[in-house]
Amino acid sequence: MTAGNSLGIAAFWTRVPRFFLFPLQPSVLWRVIVFAALPAASAFGTSPVAIMVLFGGLSLLAWIFLLRFASRVLNETSLGRLSVADYSPLPDESLAHLPYKIMALFMIPGFLVGLITALLGETLGMAANLAVTFVTPAALMALVISRSLGTGLNPSASWGIIQGIGKPYLLLCVFLLCLTTGQIFLMVKLGELRLVPLFERWALLQAEAQQAFEAQDEEALDRAVADITGFFKTMKPTLAGAIWLISTVAMYFTLIASSMLGYVLYQYHQALGLEVEVLPGQRGKAAATKTPTDIESEQIAAHIAEGRMDKALDVAYEAQRLNPHDPVAQERYNKLLHLAGKDDRLANHAQRLIPMQLGSGNGRAALETWQRCRERVPEFQLEQPAHVLQLAEAARANRDPKRAMDLLNGFDKTFRNHPLVPDAYYLGGCILCEDFHKDELADRYFATLCTRYPQHARVEDALRMRDVIQRVRKASANKPDAAKAEGPAQA
971 MTAGNSLGIA AFWTRVPRFF LFPLQPSVLW RVIVFAALPA ASAFGTSPVA
1021 IMVLFGGLSL LAWIFLLRFA SRVLNETSLG RLSVADYSPL PDESLAHLPY
1071 KIMALFMIPG FLVGLITALL GETLGMAANL AVTFVTPAAL MALVISRSLG
1121 TGLNPSASWG IIQGIGKPYL LLCVFLLCLT TGQIFLMVKL GELRLVPLFE
1171 RWALLQAEAQ QAFEAQDEEA LDRAVADITG FFKTMKPTLA GAIWLISTVA
1221 MYFTLIASSM LGYVLYQYHQ ALGLEVEVLP GQRGKAAATK TPTDIESEQI
1271 AAHIAEGRMD KALDVAYEAQ RLNPHDPVAQ ERYNKLLHLA GKDDRLANHA
1321 QRLIPMQLGS GNGRAALETW QRCRERVPEF QLEQPAHVLQ LAEAARANRD
1371 PKRAMDLLNG FDKTFRNHPL VPDAYYLGGC ILCEDFHKDE LADRYFATLC
1421 TRYPQHARVE DALRMRDVIQ RVRKASANKP DAAKAEGPAQ A
């Protein structure tokens, strides 16, 4: 039995029909229709060159919009919100740059595969391409979870997700391969039916004009030019329709894949150490009746839509004041402060909200709150060392070791002589050793812990980690000066 099933979450392979139905929800379908219309509009350019330039620019714009929404679909679904109607009404600014990161996530490995093929031959190039294809779904999930391109490109982060999902990851890859194959098949067929006849007719008219020009037959040349001009005008609606159909198919299948990947994260959230907001037993209750929180959310969303941010803030402030222990009201108010640029109030409120989120075990939400504050107030720091340490542990649990080290940076100086400093050294050493594989630097952390706090309970664990590092070094050392390199680290 999978981790997902043990929580009453249906396995993703039982929901394949629902993934195909997801883009047909009205609030999703209109986006696909509108986004696909952008590249289709390029067909009405004044010349073939203008059409190509417009097509490139408008296609890029359309896919930026689509990938931004697809990222939201993946993220919201991973939290357990399986319908668009359940999505948070508040905008998530952290998704704004994800389309560019997703494009980079596909382009950088593709470039490396091409480089390997060029330098080492087609066999190794095919092997590299197969490896990239296998890892890409996990890399995309890691990217959306962390919002970090570095994490998405980090093989260890992708491998951690693959291990957490286990054997069903292979089934996920098979489903995605079938999805991609079906998408390509439909796009090729549409191209053959709608575009190829246009291109063939265009090529024939061009050939006739070329022949008339070479034969210096002015009358035939005039007819050919008139035919080309007439055809160029009449072909535009057909060309626009073909581009729209092909773009719609591509976007439709992209949203299916996003919904599926998000659901896989939701199903295996326990194994992956991820936080979710909706469990199966809660979903029916949430949909049955409107709570005061739902009404407040609707009021806030209406004020935001009408540009009345101050009114939205007033409603959110009053809601969190009356419900000081309600995480939904508190998080909503914090997000609005960030959106409105109320930096001082944002930082002050976060000092209360983050401990609440950590206390309820919602480390992911606490990390999001911390990130919002750092975006607006780069020097923002939590006041209590215990909360900093808990937040760093949450960052590591959410597979973001870089953020964990950022939180621990300067801990010993900021909270000098605090009883938790040894724990911070130990956590930092473990992250450096196990996540970044920087054994020498990790050994310094453990050595500092053992030297400065010889009676601390963490010393035994630190000594064990140092012993592991030493044995790994001895096993892998091939150079006679390896022992010299270890000397300063242990001093």
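The sequence shown begins at 971 in this note's numbering and counts up by one. The C-beta atom is built at its ideal place from N, Cα and C for all residues, glycine as well.
Contact annotation: I1135 and Y1233 have beta-carbon atoms that are not nearer than 9 Å. When the beta-carbon positions are compared, A1074 and L1119 come within less than 9 Å of each other.
CA-CA distance, A1365 to R1334, rounds to 8 Å. Distance from the CA atom of G1091 to the CA atom of L1100, rounded to whole angstroms, is 14 Å.
With 16 or more neighbouring CB atoms inside 10 Å of its own CB, S1041 falls in the buried class. Per DSSP, the unbroken alpha helix (DSSP H) holding C1148 starts and ends at P1138 to L1160. For a cut-off of 8 Å, the C-beta gap from C1343 to L1361 is around 11 Å, too long to register as a contact.
For T1093, the enclosing alpha helix (DSSP H) covers residues E1092 to S1116. The DSSP-derived three-state label of V1442 is helix. Put simply, of L1140, Q1133 and M1205 the residue whose alpha carbon is nearest the alpha carbon of I1021 is M1205. Rounded to whole angstroms, the separation of the alpha carbons of L1235 and A981 is 11 Å. Contact holds between the region 1109 to 1117 and the region 1043 to 1053, because three or more Cβ pairs, one in each stretch, are under 8 Å apart.
In the DSSP annotation of this structure, the continuous segment of the alpha helix (DSSP H) that includes Q1180 starts and ends at V1166 to A1185.
With a contact defined as Cβ atoms closer than 8 Å, A1367 and G1243 qualify at about 5 Å. By the 16-neighbour rule on beta-carbons within 10 angstroms, E1338 is buried. DSSP places C1420 inside the alpha helix (DSSP H), whose first and last residues are D1409 to R1422. Within the model, the alpha-carbon separation for N1387 versus E1404 is close to 27 Å. Ranked by Cα distance from A1055, the options K1203, L1377, L1085 and Q995 are led by Q995. The C-beta distance from V986 to F1145 rounds to 7 Å, short enough to meet the 8 Å contact threshold.
Comparing alpha-carbon positions, the option among R1164, S1217, R1117 and D1187 lying closest to L1030 turns out to be S1217. Closest in alpha carbon position to T1199, among Q1327, W1172 and T1224, is W1172. For R1164, the closest C-alpha among the options A1212, M1435 and Q1341 is that of A1212. A distance of 9 Å or more separates the beta carbons of H1357 and L1378. Cβ-Cβ distances below 8 Å link I1132 to V1105, A1108 and Y1139 in the same chain, with the five nearest sequence neighbours on each side left out; the list follows chain order.
Spanning the alpha carbons of G1399 and A1417 requires a straight line of approximately 10 Å. In the same chain as A1282, and ignoring 5 residues on each side of it, the C-beta atoms closer than 7 Å to its own belong to I1270, H1273, I1274 and L1306, in chain order.
Around A1394, the same chain offers L1359, L1378, F1381 and D1382 as residues with beta carbons nearer than 7 Å, after the five sequence neighbours per side are excluded. Around the beta carbon of S997, fewer than 16 other beta carbons lie within 10 angstroms, which makes this residue exposed.
Around the beta carbon of R1422, a 10 Å sphere encloses fewer than 16 other beta carbons of the protein chains shown; the residue is thus reported as exposed. For the options I1439, W983 and A1011, the alpha carbon positioned closest to that of A1210 is the one of A1011. Of the residues assessed, K1071 falls on the buried side of the cut-off, its CB having 16 or more other CB atoms within 10 angstroms. Looking at the backbone, the Cα of G1130 and that of L1323 are separated by about 30 Å. When the beta-carbon positions are compared, F989 and I1154 stay at least 9 Å from each other.
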